[in-house]
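Colleague:
Chains as they are written, first to last, in the working numbering: chain B, 1 to 290; chain Y, 1 to 237.
#1: Taking Cβ-Cβ distances shorter than 7 Å, what residues in chain Y pair up with residue 164 of chain B?
#2: Residue 168 of chain B versus chain Y: which residues are under 9 Å apart at the beta carbon?
#3: Is DSSP giving residue 11 of chain Y helix, strand or coil here?
#4: Once you ignore the five residues that flank residue 90 of chain Y on each side, which residues in its own chain have a CB closer than 8 Å to its CB?
#5: Which residue marks the beginning of the beta strand (DSSP E) containing residue 148 of chain Y, and which one marks its end?
#6: Please classify residue 74 of chain Y as buried or exposed, where buried requires at least 16 other C-beta atoms within 10 Å of its C-beta.
#7: Just to confirm, are residue 192 of chain Y and residue 181 of chain Y a CB contact at a threshold of 9 Å?
#8: Can you list, in chain order, the residues of its chain whose CB lies under 6 Å from that of residue 208 of chain Y, leaving out five sequence neighbours each side?
#9: Taking 9 Å as the CB-CB limit, is residue 172 of chain B close to chain Y?
#10: Using a Cβ-Cβ distance cut-off of 9 Å, determine whether residue 84 of chain B contacts chain Y.
#11: Give a yes or no on whether the C-beta atoms belonging to residue 42 of chain Y and residue 19 of chain Y are separated by under 9 Å.
#12: Give the residues of chain Y in contact with residue 178 of chain B, contact being defined as C-beta atoms less than 7 Å apart.
#13: Taking just the CA atoms, how far does residue 103 of chain Y sit from residue 196 of chain B?
#14: Could you tell me the alpha carbon to alpha carbon distance between residue 157 of chain Y and residue 114 of chain Y, rounded to whole angstroms?
#15: Beta-carbon of residue 183 of chain B versus every beta-carbon of chain Y: anything under 9 Å?
#16: So, does the stretch 123-139 of chain B touch the stretch 228-238 of chain B, judging by three or more C-beta pairs under 8 Å?
#17: Roughly how many angstroms separate the alpha carbons of residue 63 of chain B and residue 148 of chain B, rounded to a whole number?
#18: If you reduce the DSSP assignment to three classes, tell me which class residue 161 of chain Y lands in.
#19: Since residue 149 of chain Y meets chain B, which of its residues come closer than 8 Å, beta carbon to beta carbon?
#20: Please identify the residue among Y:139, Y:129, Y:190 and Y:28 whose C-alpha is closest to the C-alpha of residue 171 of chain Y.
#21: For residue 115 of chain B, which residues from the same chain have a beta carbon less than 7 Å from its beta carbon, with the 5 sequence-adjacent residues on both sides left out?
#22: Can you list, in chain order, the residues of its chain whose CB lies under 7 Å from that of residue 85 of chain Y, leaving out five sequence neighbours each side?
#23: Are the beta-carbon atoms belonging to residue 68 of chain Y and residue 4 of chain Y less than 9 Å from one another?
#24: Output yes if chain Y places a C-beta closer than 9 Å to the C-beta of residue 89 of chain B; else output no.
#25: Taking a cut of 9 Å between CB atoms, which residues from the stretch 147-162 of chain B lie near chain Y?
#26: May I ask you to report which of helix, strand or coil DSSP gives residue 64 of chain Y?
#27: Quick one: what does DSSP say residue 82 of chain Y is sitting in, helix, strand or coil?
#28: Hey, could you find the ends of the beta strand (DSSP E) residue 24 of chain Y is sitting in?
Pasting the structure below:
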């Protein structure tokens, strides 16, 4: 029983990370109806930057904040420079750009930092918090940080005029322009926010999976699964899906199929959801008139 | 006196299909001007052209300055509010959020708060529905919301695209009455596109009749109402 509780809690901790990445995916999806395949590599690249800062002697939390700011700026710049020119191109062209970004970021990181696996520090103490035997301090801390991020994002979209403008621009760009919202910039801001959320997820997961240029590959798959389970157009659902996938992956991995087949859980979920309930469990059915 | 809006030689196209072939009209500050015409004449396109929502050529002057070639978002900031064809409601947002968006470019927070009360006094129904998702409002309520969203900008010029579309006559009359009141008390100039010519001519000071992308008749509302051809084609008596 203890082992089971431990697995569930550890699943919630990684689930929070999947939830963050899934949220980043959903944010871009809602605005553009496209899935950003480079979301994970963007997070990985930013995590390496954090590693450089920390290795150069910068204390953890300032490095954390700097990285988040950098990620935001990087997201905005990528949208303005790379995505904007193909904005009105066919879907496939944009997808190719996403994949190119993925490969470029991956290779640049490998080129700068090499492909050898590095350890990434955790800001949380090594001994378990409050003497509990179920979760490591890092797991509790990571969960706290991701929950905080999710809460902040929610509050931003729900209660600020800029958040409202971004939702309006995603839902109805034509009307949004007619009330004076600069829709193009809202999209860039969305990219910035998504990249910042991804960077936090990267820094929280790196102490667990270790730092290497391919570290986000698996996580992106889990995040896809999470977004699909929750409904790819529903941010709340994607977050819930993230936690669900985290727990499922951990429990199944530990007790049923073994650790080697864990990633298959994500793939089975993706295919299963697409076949049985393509809108996810909290998504809306969209009907298009032809 | 120079006109608030002065349009000359306005052309517009969707891709390679030209819809407007050089339209000229003007609108005096404080007036209500109606654009009349049958389906497909180019009325909606004219409004879209004013807000840079379609490709245009020709000259559009607002308050003396050229606005053709500027972005939609910038034209809005000059004080031109557009109630578009199909109402443009943000259906997943609440009534109140829709109204907030109408005032998005304004920085005078306190006056915006007052305008909420003003709008709610014009349309008490919207106050009752303020927390409700806008997509679940009735057609009439959505039209009220669309007009209110535009008024939240405190516009100098209000572009109204078929406010009567799909609504019961009673509600249309209510909305038209409020438009007249807003025009009189706040001196908001209105450019009205309507298929319901009789109602539009009752409200308007001047009118232009558009046929297949050209102005074929212009004059005061009274003189247009007397016109034999208009009577037969648009008024039906």
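Where is the CB? At the ideal position from N, CA and C, for every residue including glycine. Keep in mind it's a predicted model, so treat the numbers as computed, not measured.
Modeller: Judging by the given coordinates:
#1: Near residue 164 of chain B (Cβ distances below 7 Å), the residues of chain Y are 97, 100 and 101.
#2: 90, 93, 97, 98, 101 and 104, listed in chain order.
#3: Strand, per DSSP.
#4: Excluding sequence neighbours, residue 90 of chain Y sits near 97, 98, 101 and 134.
#5: Not the beta strand (DSSP E): residue 148 of chain Y falls in the alpha helix (DSSP H), residues 139-151.
#6: By the Cβ-count criterion, residue 74 of chain Y is exposed, with fewer than 16 other Cβ atoms from all chains shown falling within 10 Å of its own Cβ.
#7: It is not a contact, given that the beta carbons lie outside the stated cut-off.
#8: Excluding sequence neighbours, residue 208 of chain Y sits near 25, 35, 215 and 218.
#9: For residue 172 of chain B, the nearest CB of chain Y lies under 9 Å from its own CB, placing it at the interface with that chain.
#10: Judged by the 9 Å Cβ criterion, residue 84 of chain B is not in contact with chain Y.
#11: One thing to note: residue 42 of chain Y has its Cβ within 9 Å of the Cβ of residue 19 of chain Y.
#12: At a beta-carbon threshold of 7 Å, the residues of chain Y lying near residue 178 of chain B are 51, 72, 76, 82, 84 and 88, ordered along the chain.
#13: Distance between the alpha carbons of residue 196 of chain B and residue 103 of chain Y is about 29 Å.
#14: Cα-Cα distance, rounded: 20 Å.
#15: Chain Y, which has a Cβ nearer than 9 Å to the Cβ of residue 183 of chain B, makes this yes.
#16: When C-beta atoms of the stretch 123-139 of chain B are compared with those of the stretch 228-238 of chain B, fewer than three pairs fall below 8 Å, so the two segments do not count as touching.
#17: Whole-angstrom Cα-Cα distance: 18 Å.
#18: Strand.
#19: Correct list: 179.
#20: The candidate whose alpha carbon is nearest that of residue 171 of chain Y is Y:139.
#21: Cβ neighbours of residue 115 of chain B beyond the five flanking positions: 212 and 213.
#22: 44, 161 and 162.
#23: In this structure, residue 68 of chain Y lies away from residue 4 of chain Y, with their beta-carbon atoms at least 9 Å apart.
#24: When Cβ-Cβ separations below 9 Å define contact, residue 89 of chain B makes no contact with chain Y.
#25: Result list: 161.
#26: Under the three-state reduction of DSSP output, residue 64 of chain Y falls in the coil class, being neither helix nor strand.
#27: Correct three-state label for residue 82 of chain Y: strand.
#28: Counting along the chain, the beta strand (DSSP E) containing residue 24 of chain Y begins and ends at 17-27.
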